[in-house]
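Residue numbers (my numbering), protein chains in the order written: chain V, 3 to 885; chain G, 291 to 701.
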Amino acid sequence: MKLQQLRLEQIRQFRDPLLLGDLQPGINLIHGPNESGKSTLVRAIRAAFFERHRSKSVEDLRPWGDSAAVPTVELAFEHNQRSWRLTKSFLQRKRCDLVVDGTSYSGDEAEEKLAALLGYQLPQKGASKEQHWGVPGLLWVEQGTGQDIERAVEHAGDHLKSALNNLVGEVASSGGDEVIQEIEQQRGELLTGTGKPRGEYLQLEKDQQQLQEEIAVLDDRIRQYQEQVDRLGRLTDEYEKARRERPWDQALRNLERARERYRQVEVLQQQQARDKEALQYVQQSLALLRQNQEQLQSQNRKLQQREADLQKARQQLAREEARAEPLQTAVEQARAVYDAAGKALERARQQEARQRLVQDIARLQAQHQSLSLSLEKAGEFQRKLDEARKQKQQNRIDGGTVQQLRKTRRELDEETIRSRAIATRLSWELDPGKSLRLNGQQISEQGEERLLEDSTLSIPGFGSLGITPGGEDLARARRSLQRLEQRLSDELAALGVASLEEAEQRLVRFQEADRQLNHLEDLLKSVAPNGIDRLTSEYDDTGIELEKRRVEQAGLPSTPGPEAETAPGKTEAESTVRHAEAALTNAEDARTRHEKSVLTARQDCDNARREWQQLKDELEGTERQQQLQQLAGELAAAEQRKAGLEGTLQERDHEIQRTRPDLIRLDIERYQRAAETQQQAQQNRERELRDIRVRLEAWGAEGLEEQRNDKAAELEHHHRRYQELHRRARALDLLLNLLTEKRQALTRRLQAPLQKHLDHYLSVLFPDATLEVDENLMPGRFTRGNELGQMSELSFGAREQMGLISRLAYADLLLEAGRPTLIILDDTLVHSDMGRLEGMKRILFDAARRHQILLFTCHPEHWQDLGVEPRDLEALKGQTVSG
Amino acid sequence: MAGLAQRAFGNGIVPVPSARGPDLNRDAITIKIAREVNRLPRFLHTADWQMGRSFSRFEAEDSAALTEARFEVIERLARLALEENCDAILVAGDVFDAQTVSDRTIRRVFNATRAFAGPWVMLPGNHDAALAESVWSRARRLNAVPDNVHLALEPGLTVLSDQGLAILSAPLTQRHTYRDLTEPFDALETPPDLLRIGLAHGSVEGVLPEEVDATNPIAPDRAERANLDYLALGDWHGTKQINPRTWYSGTPEPERFRNNDAGYGLIVDIEGPGGLPAVTLHETARYRWYQWRETLAVPSDLDGLLERIEGLRESSVLDIRLEGSITLADDQRLTEALSVAEARFRCIACDRTRLQLTPTEDDIASIQADGYLGEVIEELRARQEGDRAETARDALALLAELLRNRSEVAR
């Protein structure tokens with residue numbers, strides 16, 4: 003297929019017609035910057051083929067804002083030496099016209115014809131979608147989708163396969179795939195993917211097991227049932243035998259005999275017990291008799307003992323009485339010593355009292371004299387004190403007032419001096435014997451007077467001169483002087499003195515008297531601190547005490563003799579007395595104890611003699627002798643009885659021993675048990691028989707074996723069905739394997755041509771790599787050296803390259819099958835590095851020898867060395883407009 | 291049938307053909323009227339009813355029918371005795387197949403005897419031995435045993451004076467015994483004017499095939515030694531004469547493919563004590579059991595087989611095992627014929643696992659096995675020679691069927 007020219011008009015930005023003519027059979031490189039209209043061109047080609055002319059889903063073709071537009075595409079191409087010309091317009095004028103070698107088609111017919119030629123489907127309605135695109139979807143690569151090949155291959159699958167079938171010339175079995183599906187489905191009903199039973203098949207397996215278990219249970223119960231039946235048979239026999247033979251009867255008879263023998267032995271044993279009791283009694287009374295005899299014999303020994311005791315008591319008494327004399331002497335001596343010591347002590351006490359009196363009298367005399375002296379002094383001080391007090395009374399004056407007086411006088415003096423200074427001075431020098439009168443007073447010779455007041459100077463003879471001192475100060479000084487003079491006279495009058503000097507003298511005398519008074523009071527206090535009266539009474543008391551002691555001294559006996567001087571002191575005397583007293587007490591105690599001992603010994607002696615006498619009297623009586631004789635008789639009788647009983651007992655004991663009562667008792671027990679056991683066994687049999695019968699009746703009613711047979715039948719049915727399914731499963735498995743195997747072999751044969759083309763291109767890019775085509779003709783496993791993986795796992799760039807290679811291989815395949823191939827690549831391989839791009843260029847150049855390729859790009863520099871002249875879309879637009 | 295009868299009765303005893311098939315008592319009333327009052331004793335000998343047995347190898351429906359037939363045959367025996375003016379019916383053991391059959395089975399068995407009001411003597415066999423607790427004691431507890439049915443649960447004599455019969459019984463009181471239970475017959479006295487009829491269950495020594503159990507032995511000359519007029523035996527399921535006075539009656543209704551001489555009741559006439567018994571066989575079976583082993587080699591073999599199937603009476607139980615080879619078309623023909631037969635017969639089983647499928651060119655064309663499907667068919671056909679032949683055969687049959695269905699749908 004060779005596209006020769008393409009014209010479009012009123013499509014998107016191509017409002018004006020654009021003609022792309024003179025297209026080459028190999029590569030056509032069309033370039034232009036972004037938005038120059040490359041994609042619109044591609045879209046126009048796709049719309050021309052894929053979209054129905056009457057489609058309402060091609061609004062995108064309309065130039066912007068042009069509601070009246072009629073988007074139109076015109077295509078001319080050649081295929082198999084026939085020329086095809088297509089004119090298709092949309093929207094406002096919906097038309098499709100196709101002319102093939104002069105034959106015209108239009109509308110749907112034209113569209114179907116094109117679809118059949120290129121191998122795609124038209125949509126029933128609406129826009130054409132990916133799934134409709136078929137072969138062109140694989141060969142026309144839109145921008146940025148070069149790497150996504152799976153879906154494109156899927157949608158082109160049927161076309162590809164039919165092309166392959168043409169090539170290989172083999173019938174791929176009509177409906178073989180459906181058969182496989184059917185077999186798969188049938189197998190799927192029985193087996194899981196991994197070949198395990200499922201569904202009914204699995205259920206049968208389980209049911210069989212369940213049934214087998216149930217049968218096993220039933221078998222077990224049947225076995226039990228049969229065992230029980232056997233047991234019942236044996237037991238019935240045993241029971242009947244026992245019922246006939248009554249083995250327990252013999253045991254009961256034996257038991258009765260043994261019991262009889264035992265009763266006889268028991269009688270003997272009772273007699274034996276009675277005799278033993280009698281023997282015991284005899285033995286007891288014998289013991290008592292012997293005890294009595296013993297007692298009587300012991301009385302004689304006691305009498306001898308008492309006689310000896312009496313002797314001993316007498317001797318003791320004699321010894322005690324002998325000790326009385328020396329003890330009495332010792333007491334007397336001790337008392338004499340004690341009396342002497344008492345007298346010495348008395349003397350020592352008297353001496354001591356005398357000495358103490360002498361000392362007291364001397365002390366009291368001294369005290370009496372001292373008090374008398376103090377009393378004298380106190381009287382003198384009291385007298386002087388009274389005098390000082392009188393003096394003080396006479397000169398009493400107030401110190402403060404004298405002070406005030408002194409001050410007033412000083413102020414008056416100061417004021418007088420000041421007034422003199424300012425007073426009008428009147429001096430005079432009169433001729434001898436002439437006088438004048440001033441203010442009535444006569445003045446003569448020379449003198450000076452200070453005048454403060456209006457004065458009158460009378461000059462005899464002449465009359466009088468009045469002098470008036472001038473100035474205000476003078477008047478004030480004159481008034482002040484008068485006031486001070488007045489105050490001084492008042493204060494003097496108050497003190498009762500004539501002058502200040504007199505006041506001063508009186509004050510000195512007053513103060514002197516006061517000091518004297520204080521001094522005297524202190525002196526008086528030193529001799530009579532508590533006053534003179536107290537001192538006087540102390541003095542009197544001392545005197546009385548002294549007198550008392552003197553009388554006491556006079557009352558004492560006269561001074562003792564000279565031995566008193568050497569007599570021991572009182573303390574020593576007291577010690578001597580204490581020792582003497584202790585010795586006396588000891589001696590007296592010893593004597594008292596001895597007296598008691600004597601009394602005791604005497605008492606003992608009396609008692610001993612009385613007891614001896616009493617017993618002696620008793621033993622020598624006649625009653626006693628009779629008692630002894632009787633005892634001896636009784637003893638002999640008892641001894642005889644005892645011997646008799648012992649003989650009987652021994653004899654009977656032998657008799658009892660011979661019959662072995664212990665064994666008889668064991669026999670009784672044995673026979674009893676035997677009878678009981680046998681009867682019990684029979685009862686047990688009877689009970690067990692009953693139990694078994696009841697059990698068997700119940701079990702029998704269940705029809706166990708019939709049940710088991712039914713179950714076994716069911717199991718066999720299940721088993722048969724299972725075997726059928728098992729065989730069927732195996733057969734299906736085998737069939738599926740075989741079918742799949744054969745189909746794969748066929749696919750491999752079909753894949754071979756495609757693989758050949760793929761290998762061809764791949765070897766250019768990766769010399770050692772392989773890319774396998776799977777059964778759906780999809781490029782799948784990729785290997786390169788040690789690398790192994792799916793194509794989808796490769797990098798984006800590599801996937802795009804593999805995608806393009808695959809598409810070219812499909813193109814080769816289609817070409818071989820005589821199908822039209824047109825390859826449109828919109829800005830492809832933009833993710834390839836220079837090395838890979840170089841390889842891809844070699845591949846494209848190679849492919850272009852067989853296929854027409856439209857390559858749109860905005861990077862013409864990448865494709866410079868492709869060996870074709872690039873066509874600039876911008877330039878094309880210009881040409882068309884100008885054309 | 292004819293061949294069968296000859297094989298079974300090669301000893302010269304010819305069964306009385308039963309023109310009416312299993313339905314024996316249509317004219318019972320006329321026969322009853324013809325009965326004489328003072329005539330020689332006549333009795334019916336039967337055995338091995340095996341009641342309570344189930345037929346596991348068949349589908350539930352068939353199994354039920356076969357079980358039902360066993361009850362029916364008791365009724366049939368009763369009517370036969372009535373029609374034939376028998377004085378008594380002797381059942382020589384294995385009335386029941388097991389001790390613990392259901393109560394219902396027990397009741398039904400005794401109910402089925404009603405038609406014949408004369409005395410029945412039933413002997414315990416090895417399947418229903420008179421153990422301490424047995425199906426018999428259960429039957430008695432259930433009050434299921436009619437008065438006219440005598441249970442010979444203990445060795446000894448059952449005197450049927452009115453019928454002129456003294457029955458010497460040797461019941462099994464254990465499941466198995468290794469001594470001859472009929473030995474006491476030698477010493478057992480009977481009233482002189484009555485027939486001495488022995489009733490026992492076991493294997494007559496040295497007569498039956500080796501495979502039969504050596505348990506429960508019976509001396510072959512017991513009838514002679516015990517001066518019996520007739521010894522009625524059970525245990526062997528086919529009708530078999532041991533000597534003129536000793537017979538196995540066989541089971542009245544067959545229940546397996548072996549022992550095909552089964553399905554009869556024996557009517558015995560003896561002309562007084564010491565007289566030789568005259569034994570006549572009366573067919574009682576409802577179902578006949580056939581087991582065929584055929585080899586198919588050429589297409590006409592199949593034709594022959596299908597003819598034989600067609601020739602069988604409807605109440606048949608048929609078991610076929612085929613060997614050899616068959617084309618796909620013939621295989622389908624066989625399938626269809628079996629399908630028809632299934633609807634006709636009580637039961638039919640056909641084992642084709644050893645029958646190879648050999649598709650012809652026509653076969654393959656007719657099922658449109660083109661492309662790799664053809665390869666698969668060829669492969670499977672070849673594999674039928676290998677070690678997993680059965681699976682290959684099944685697979686081939688499956689594929690052929692699938693393809694046939696598809697091509698039929700296509701048409």
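Quick reminder that beta carbons are idealized off the backbone N, C-alpha and C, glycines included.
Indicate whether V:G159 and V:L779 have their beta-carbon atoms separated by less than 8 angstroms. Counted from its first residue, the first sequence places residue 159 of chain V at position 157. Counted from its first residue, the first sequence places residue 779 of chain V at position 777. Their beta carbons are under 8 angstroms apart, which means V:G159 touches V:L779 by this criterion.
Which term fits V:V60, buried or exposed, when burial requires 16 or more other beta carbons within 10 angstroms of its beta carbon? By 1-based counting over the first sequence, the position of residue 60 of chain V is 58. Buried, since its Cβ has 16 or more Cβ neighbours within 10 Å.
So for V:P755, helix, strand or coil by DSSP? As a first step, residue 755 of chain V is located in the first sequence; it is residue number 753 there, counting from the start. Helix.
Quick one: any contact between the stretch 696 to 705 of chain V and the stretch 385 to 405 of chain G, if contact means 3 or more CB pairs under 8 angstroms? yes
Under 7 angstroms between beta-carbons, which chain V residues line up against G:A682? List them in chain order, please. As a working note, residue 682 of chain G is residue 392 in the second sequence. What G:A682 touches in chain V: L736.
I'd like to confirm the pairing. Which residues does DSSP put opposite G:T536 in its beta bridges? Taking the first residue of the second sequence as position 1, residue 536 of chain G is located at position 246. According to DSSP, which records beta bridges pairwise, G:T536 is partnered with G:L521, G:N533.
When burial is assigned at 16 or more other CB atoms within 10 Å of the CB, is V:F464 buried or exposed? One-based indexing of the first sequence puts residue 464 of chain V at position 462. Exposed.
Do V:G190 and G:G661 have their C-beta atoms within less than 8 angstroms of each other? As a first step, residue 190 of chain V must be located in the first sequence, where it is residue number 188. As a first step, residue 661 of chain G must be located in the second sequence, where it is residue number 371. No, Cβ-Cβ distance for V:G190 and G:G661 is not below 8 angstroms.
In three-state DSSP terms, what is G:P482? Here residue 482 of chain G refers to the residue found at position 192 when the second sequence is read from its first residue. Coil.
Using C-beta distances below 8 angstroms, list every residue in its chain close to V:Q709, excluding the 5 sequence neighbours before and after it, in chain order. Along the first sequence, read from residue 1 onward, the residue named residue 709 of chain V stands at position 707. Closer than 8 angstroms at Cβ, skipping near neighbours: L220.
Rounded C-alpha distance that separates V:E202 from V:Y724: Position 200 of the first sequence, counted from the start, is the residue given in the question as residue 202 of chain V. Position 722 of the first sequence, counted from the start, is the residue given in the question as residue 724 of chain V. In a straight line, the C-alpha of V:E202 is about 9 angstroms away from that of V:Y724.
Within 8 angstroms of chain G by C-beta, residues of the stretch 687 to 710 of chain V in sequence order: I694, R695, L698, E699, W701, G702, A703, E704, G705, L706, E707, E708, Q709
Under 7 angstroms (Cβ pairs) to chain V, residues found in the stretch 378 to 404 of chain G: A388, Q389, T390, V391, S392, D393, T395
Beta-carbon proximity list for G:A324, same chain, < 6 angstroms, skipping 5 on both sides: The residue given as residue 324 of chain G occupies position 34 in the second sequence. Residue placement at G:A324 cannot be trusted, given a pLDDT of 38 that sits under 50; the coordinates are not used to answer.
Which residues in the same chain as G:T505 place their Cβ atom closer than 8 angstroms to its Cβ, once the five residues preceding and following it in sequence are excluded? Reading the second sequence from its first residue, position 215 is the one you call residue 505 of chain G. Counting only Cβ-Cβ distances below 8 angstroms, and skipping sequence neighbours, we find N416, H466, T467, Y468, G492, S493.
Taking the alpha helix (DSSP H) that G:H572 falls in, what are its first and last residues? For the purposes of this step, residue 572 of chain G is identified with residue 282 of the second sequence, where counting begins at 1. Not the alpha helix (DSSP H): G:H572 falls in the beta strand (DSSP E), residues 567 to 573.
For the beta strand (DSSP E) that contains V:Y107, what are its first and last residues? Numbered from its first residue, the first sequence carries residue 107 of chain V at position 105. 105 to 108 is the span of the beta strand (DSSP E), which, as asked, contains V:Y107.
Can you list the residues of chain G that V:G177 reaches, using a CB-CB cut of under 7 angstroms? Working through the first sequence from its first residue, we reach residue 177 of chain V at position 175. Near V:G177 (Cβ distances below 7 angstroms), the residues of chain G are R696.
Which whole-angstrom value describes the C-beta separation of G:L489 and G:L380, a residue pair presumed to lie in contact below a C-beta threshold of 8 angstroms? The sequence position of residue 489 of chain G within the second sequence is 199, counting from 1. The sequence position of residue 380 of chain G within the second sequence is 90, counting from 1. Sure, about 5 angstroms apart at Cβ, within 8 angstroms.
Run through the stretch 551 to 619 of chain V for me and flag every whole alpha helix (DSSP H) of 4 or more residues, listed as ranges in chain order. 564 to 568
Using a Cβ-Cβ cutoff of less than 7 angstroms, which residues in the same chain neighbour V:V579 once the five nearest sequence positions on both sides are dropped? Looking up residue 579 of chain V in the first sequence gives position 577. Counting only Cβ-Cβ distances below 7 angstroms, and skipping sequence neighbours, we find A343, G344, L347.
For V:H720, which of helix, strand or coil comes out of DSSP? The residue given as residue 720 of chain V occupies position 718 in the first sequence. Here V:H720 sits in helix by DSSP.
Tell me which same chain residues have a C-beta within less than 6 angstroms of the C-beta of V:A582, skipping the five on either side of it? Looking up residue 582 of chain V in the first sequence gives position 580. Closer than 6 angstroms at the Cβ level, and outside the excluded window around V:A582, lie V339, Y340, A343.
Looking at the unbroken beta strand (DSSP E) that takes in G:R611, where does it start and where does it end? For the purposes of this step, residue 611 of chain G is taken as residue 321 along the second sequence, with counting starting at 1. Run containing G:R611: 606 to 616, per the beta strand (DSSP E) assignment.
Cβ closer than 8 angstroms: which chain G residues qualify as neighbours of V:I224? By 1-based counting over the first sequence, the position of residue 224 of chain V is 222. The answer, in chain order, is T390.
Sheet register partners of G:Y554 (DSSP bridge): Mapped onto the second sequence, residue 554 of chain G falls at position 264. DSSP lists G:E573 as partners of G:Y554.
For V:H521, the three-state DSSP class (helix, strand or coil): Position 519 of the first sequence holds residue 521 of chain V. Note: V:H521 maps to helix in three-state DSSP.
Quick one, are the C-beta atoms of V:D828 and V:C860 less than 8 angstroms apart? Locating residue 828 of chain V in the first sequence gives position 826, counting from the first residue. Locating residue 860 of chain V in the first sequence gives position 858, counting from the first residue. It is not a contact, given that the beta carbons lie outside the stated cut-off.
Please list the terminal residues of the continuous alpha helix (DSSP H) segment that includes V:Q295. To locate residue 295 of chain V, count along the first sequence from 1; it is residue 293. From DSSP, the alpha helix (DSSP H) with V:Q295 extends over 249 to 324.
C-beta neighbour in chain G for V:V883, strict 8 angstroms: As a working mapping, residue 883 of chain V is identified with position 881 in the first sequence. Since pLDDT at V:V883 reaches only 49, below the 50 mark, its modelled position is unreliable, and no value is offered.
Could you check whether V:L5 and V:Q854 sit closer than 8 angstroms to each other, using their CB atoms as the reference points? One-based indexing of the first sequence puts residue 854 of chain V at position 852. One-based indexing of the first sequence puts residue 5 of chain V at position 3. Yes.
What are the start and end residues of the beta strand (DSSP E) that includes G:P589? On the second sequence, position 299 is the one that residue 589 of chain G refers to. First-last for G:P589: 589 to 601, but that is the alpha helix (DSSP H), not the beta strand (DSSP E).
Cβ neighbour criterion (16 or more within 10 Å) applied to V:M836: Counting from one through the first sequence, the residue named residue 836 of chain V turns up at place 834. Its Cβ having fewer than 16 others within 10 Å, V:M836 is exposed.
Inter-residue Cα distance where the pair is V:R17 and V:Y107: As a first step, residue 17 of chain V is located in the first sequence; it is residue number 15 there, counting from the start. As a first step, residue 107 of chain V is located in the first sequence; it is residue number 105 there, counting from the start. Straight-line Cα distance between these residues: approximately 27 angstroms.
Would the stretch 681 to 692 of chain V count as touching the stretch 234 to 249 of chain V if we require 3 or more Cβ pairs under 8 angstroms? yes
When DSSP labels each residue in this structure, what does G:T648 get in the three-state scheme? Position 358 of the second sequence, counted from the first residue, corresponds to residue 648 of chain G. It is coil, neither helix nor strand.
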